[in-house]
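Enquirer: Residue 901 in my numbering sits at position 77 of the sequence shown; the count goes up by one each step and never skips.
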Amino acid sequence: MHWESIRRTFGFLLVLLALSMLLPLSWALYYRTPDAAAFVWSMFIVGIPGVFLLYRNKGQTKLGSRDSFVVVTGSWLLCSIAGAIPFVISGVLPNPADALFEAMSGFTTTGATVMREIEVPQAGVLFWRSFLNWLGGMGIILAFLAIVPMANQGSDPLFRAELPGMEVSRFTPRLRQSVVLLWRIYAVITLLQVICLLLAGMSFYEALIHTFSTVATGGFSNRSLSIGAFQSPWVRLIILFFMFVAGVNFGLYYKAVNTRKLSVVMRDPEFRTYAAVILVSSVIIILNLTSTHGFLEGLRHGPFQVVSVITTTGYTTADFDQWPDLTKGILLFLMFFGACSGSTAGSIKIARLMVAAKAVVSELGHMVHSRAVLPVRIGDRVIPESTVRNVFVFIAIYLASHLAGTFYMLWLGLDIVSALSAVAATLGNVGPGLGLVGPAQSFAVIPASGKIVLTFLMLLGRLELFTVFVALTPTFWKR
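#1: How would you write the range of the alpha helix (DSSP H) that ASP1149 sits in, first residue to last?
#2: As a quick exercise: from ASN1082, HIS1034 and ASN1046, pick the residue whose alpha carbon is nearest that of LEU1064.
#3: On a Cα-Cα basis, can you pick out the residue from THR1014, ALA1183, SER1245 and SER1027 that is closest to THR1168?
#4: With DSSP collapsed to three states, give me the class of ILE1202.
#5: Return the CA-CA distance between LEU853 and LEU959, expressed in angstroms with no decimal places.
#6: Please report how far the alpha carbon of LEU1260 lies from the alpha carbon of PHE1267, in whole angstroms.
#7: If you pair each beta-carbon of the region 1049-1066 with each one of the region 1148-1167, do three or more pairs fall below 8 Å?
#8: Below 8 Å between beta carbons: does that hold for LEU950 and ASN1082?
#9: Counting C-beta neighbours from all protein chains within 10 Å, is the total for GLN1001 16 or more, i.e. buried, or is it exposed?
#10: Looking only at C-alpha atoms, which of VAL1212, ALA1175 and LYS1173 sits nearest to VAL1184?
#11: Could you work out which residue in GLY1071, ARG1060 and SER929 is closest to TYR1010 when comparing CA atoms only?
#12: Throw me the rounded Cβ distance for the GLY1170 and GLY1043 pair, which I believe falls under 8 Å.
#13: Can you name the start and end residues of the alpha helix (DSSP H) that TRP865 belongs to?
#14: Name the two residues that bound the continuous alpha helix (DSSP H) containing GLU1121.
#15: Going by DSSP, what residue range makes up the alpha helix (DSSP H) through HIS826?
#16: How would you call ILE1110, buried or exposed, if buried means at least 16 neighbouring beta carbons within 10 angstroms?
#17: If you draw a straight line from the alpha carbon of LEU849 to that of ALA860, how long is it in whole angstroms?
#18: Which value, in whole angstroms, describes the spacing of the CA atoms of THR933 and ALA1295?
#19: Is it buried or exposed for PRO858, if we count other Cβ within 10 angstroms and need 16 for buried?
#20: On the three-pair Cβ rule with 8 Å, is the region 1230-1248 touching the region 907-914?
#21: Would LEU1023 be called buried (16 or more neighbouring beta carbons within 10 Å of its own) or exposed?
#22: Does the beta-carbon of THR1141 have 16 or more other beta-carbons within 10 angstroms, so that it is buried, or is it exposed?
#23: Tell me where the alpha helix (DSSP H) around ARG1213 begins and ends.
#24: Please report the straight-line C-alpha distance between GLY1148 and SER1106, rounded to a whole angstrom.
#25: Three or more C-beta pairs closer than 8 Å, one from the region 1128-1139 and one from the region 1092-1108: is that the case here?
#26: Which word fits GLN1146, buried or exposed, when buried means at least 16 other C-beta atoms lie within 10 angstroms of its C-beta?
#27: Under 8 Å Cβ to Cβ from PHE876, same chain only, skipping five residues before and after it: list those, please.
#28: Going straight from the alpha carbon of ILE1270 to that of ALA1220, what length do you get?
#29: Excluding the 5 residues flanking GLU941 on each side, which residues of the same chain have their C-beta closer than 8 Å to its C-beta?
#30: Do ALA947 and TYR1077 have their beta-carbon atoms positioned less than 8 Å apart in this structure?
#31: Could you tell me the distance, in whole angstroms, from the CA atom of GLY874 to the CA atom of LYS1182?
#32: Measure the alpha-carbon distance for PHE931 versus VAL1197 and round it to whole angstroms.
#33: Leaving out five residues on either side along the sequence, give the residues of the same chain with a beta carbon under 6 Å from the beta carbon of TRP851.
#34: Smallest Cα separation from PHE787: which of THR897, PHE893, ILE1207 and ARG832?
#35: For VAL1069, I'd like the list of residues in its chain whose CB is within less than 7 Å of its CB, leaving aside the five on either flank, ordered along the chain.
#36: According to DSSP, is THR1041 part of a helix, a strand, or is it coil?
In structure tokens:
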């Protein structure tokens, strides 16, 4: 283990996080809200240890494969703890467990909240929640790789550990330059959405908040009714469009920019499946809502909620917990889908589900024709057996984690619907669930130990299981 490099990396991240607090501080000063002092204190509390770690651990940052698991898992924990400090000092969430839940929900782009009244907190705190979404969307380690030149050594394992769904082979040999380009694409999409929302009549403050949460598929809003608070159809359509965009593999955008051909996105099998699932689910929900709420209401809310859930953004335009059981069942089912691999979305991801489905079909074919060679294909690409095995292991661990979390929630006294959806919403980084944690509720009703478990599940889901579990394995720490 290169402990000096690990500590130095932590120092860089703490300094970057402290500097990023200047933005919410600026809004707190602009609106003259009392949370300004909280961000001043937080900058010192977070920044001073960061500077100390930097200067006590000088030298080139060199990280190996084992180091990457410690750095990625440790960085997300450390930054979430640091990100929780303004919530505690401002008094918005004085309970440290609640503050950590909110910060982890922000960084992991989950969007689940323990705040009962969203409009009550101050301007800086609300901005900070959404900005945490944006920082965590593309990944705080990728921000480190993009900004810090010394991070070149050992950057491949860091990239793999933080974004398992993104193929490093698409970006080598100049990985750092590729990461910078990914951040530029991320920033351009962000800028475009801000401009569109401003043209639709949103204030600059709210446009930033909702853009940060949309592009990162985070879902934090400064309104209790989420997007349902905005009556403008243009606002809803703009956010719907950019949620869809954020659910696409950013590696495809990278390739499209390099080749200057948008067709590489349109031809991608995962993108087509992603679009097809959205289309079919939307049609079914519109038809189902037509019988209870009318066609126009179904058209207005159905597709928006489908895109919001499958991209794990978590925005709402209506309380879907009051919708028919079929619609709620579809939305709960989509929580396990997620959008494309390599996107800012959470959950299992379309690509893994495609590989699993094709592998099942291939195995059934072998049972009928035992001598036939039936490789698993996605488009023109043959999927290696090691990848197929990895996919099934991931899905098995994901479902086992969900089952364990659900049983724990049931043990705490939650009803089955609330327990199932609370775990699905946090492990899949979706946001709101059903029942006690539905769109009109918050996670404040969950007991303290339950919040800690759900906080861990958010981290587990965001880092896609393996990174965290490897770092927690006893054999990992043996020489």
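Using N, Cα and C, we set each Cβ at its ideal position, and we do this for glycine too.
Expert: Reading off the structure:
#1: In the sequence shown, residue 1149 corresponds to position 325, counting from 1. 1149-1158 is the extent of the alpha helix (DSSP H) around ASP1149.
#2: The sequence position of residue 1064 within the sequence shown is 240, counting from 1. Comparing Cα positions, the closest option is HIS1034.
#3: As a working mapping, residue 1168 is identified with position 344 in the sequence shown. Of THR1014, ALA1183, SER1245 and SER1027, the residue nearest in Cα terms is THR1014.
#4: Position 378 of the sequence shown, counted from the start, is the residue given in the question as residue 1202. ILE1202 falls in the strand class under three-state DSSP.
#5: Counting from 1 along the sequence shown, the entry for residue 853 is found at position 29. Counting from 1 along the sequence shown, the entry for residue 959 is found at position 135. Cα to Cα, the separation comes out at about 22 Å.
#6: If you number the sequence shown from 1, residue 1260 lands on position 436. If you number the sequence shown from 1, residue 1267 lands on position 443. Between the alpha carbons of LEU1260 and PHE1267 lies a gap of roughly 8 Å.
#7: Output reads no: the region 1148-1167 does not touch the region 1049-1066.
#8: To locate residue 950, count along the sequence shown from 1; it is residue 126. To locate residue 1082, count along the sequence shown from 1; it is residue 258. Not closer than 8 Å, so no.
#9: Residue 1001 sits at position 177 when you count from the first residue of the sequence shown. That one is exposed.
#10: Walking along the sequence shown from the start, residue 1184 turns up at place 360. For the options VAL1212, ALA1175 and LYS1173, the alpha carbon positioned closest to that of VAL1184 is the one of VAL1212.
#11: Counting from 1 along the sequence shown, the entry for residue 1010 is found at position 186. Relative to TYR1010, the option among GLY1071, ARG1060 and SER929 whose CA is nearest is GLY1071.
#12: As a working mapping, residue 1170 is identified with position 346 in the sequence shown. As a working mapping, residue 1043 is identified with position 219 in the sequence shown. Not really, about 11 Å apart at Cβ, beyond 8 Å.
#13: Position 41 of the sequence shown holds residue 865. TRP865 -> alpha helix (DSSP H) spans 860-880.
#14: In the sequence shown, counting from the first residue as 1, residue 1121 sits at position 297. In the DSSP assignment, GLU1121 falls within the alpha helix (DSSP H) that extends over 1119-1134.
#15: Sequence index remark: in the sequence shown, residue 826 carries index 2 (1-based). Annotation: HIS826 is outside any alpha helix (DSSP H) and is labelled neither H nor E by DSSP.
#16: Counting from one through the sequence shown, the residue named residue 1110 turns up at place 286. A residue is called buried when at least 16 other Cβ atoms come within 10 angstroms of its Cβ; ILE1110 meets this threshold and is buried.
#17: Residue numbering aside, residue 849 sits at position 25 when the sequence shown is read from its first letter. Residue numbering aside, residue 860 sits at position 36 when the sequence shown is read from its first letter. Between the alpha carbons of LEU849 and ALA860 lies a distance of about 5 Å.
#18: For this step, residue 933 is matched to residue 109 along the sequence shown. For this step, residue 1295 is matched to residue 471 along the sequence shown. Approximately 22 Å, taken between the alpha carbons.
#19: Numbered from 1 along the sequence shown, position 34 holds the residue referred to as residue 858. The residue in question, PRO858, is exposed, as its Cβ has fewer than 16 Cβ neighbours within 10 Å.
#20: In short, these stretches do not touch, since the Cβ pair count stays below three.
#21: The count along the sequence shown starts at 1 and reaches residue 1023 at position 199. Exposed is the call here.
#22: Here residue 1141 refers to the residue found at position 317 when the sequence shown is read from its first residue. Result: buried.
#23: For this step, residue 1213 is matched to residue 389 along the sequence shown. For ARG1213, the enclosing alpha helix (DSSP H) stretches over residues 1209-1235.
#24: The residue you call residue 1148 lines up with position 324 of the sequence shown. The residue you call residue 1106 lines up with position 282 of the sequence shown. Checking the displayed sequence, the identity of residue 1148 turns out to be Pro instead of Gly. Put simply, the backbone Cα of PRO1148 is about 14 Å away from that of SER1106.
#25: Cβ pair count under 8 Å is three or more, so yes.
#26: By 1-based counting over the sequence shown, the position of residue 1146 is 322. Exposed is the call here.
#27: Residue 876 sits at position 52 when you count from the first residue of the sequence shown. Correct list, in chain order: GLY835.
#28: By one-based count along the sequence shown, residue 1270 stands at place 446. By one-based count along the sequence shown, residue 1220 stands at place 396. Near 26 Å, if we compare the C-alpha coordinates of ALA1220 and ILE1270.
#29: Position 117 of the sequence shown, counting from 1, holds the residue named residue 941. Excluding positions up to five away in sequence, the list reads SER1048.
#30: Translated into the one-based positions of the sequence shown, residue 1077 becomes position 253. Translated into the one-based positions of the sequence shown, residue 947 becomes position 123. No, the Cβ-Cβ distance between TYR1077 and ALA947 is not below 8 Å.
#31: To locate residue 874, count along the sequence shown from 1; it is residue 50. To locate residue 1182, count along the sequence shown from 1; it is residue 358. Computed Cα separation, rounded: 48 Å.
#32: Here residue 931 corresponds to residue number 107 of the sequence shown, with the count starting at 1. Here residue 1197 corresponds to residue number 373 of the sequence shown, with the count starting at 1. Near 45 Å, if we compare the C-alpha coordinates of VAL1197 and PHE931.
#33: In the sequence shown, the residue the question calls residue 851 occupies position 27. Within the same chain, TRP851 has close Cβ partners ALA947, GLY948 and PHE951.
#34: Limits of the chain in this structure are 825 at one end and 1303 at the other, which puts residue 787 out of reach.
#35: By one-based count along the sequence shown, residue 1069 stands at place 245. Counting only Cβ-Cβ distances below 7 Å, and skipping sequence neighbours, we find ILE1013.
#36: Position 217 of the sequence shown, counted from the first residue, corresponds to residue 1041. Coil at THR1041, not helix or strand.
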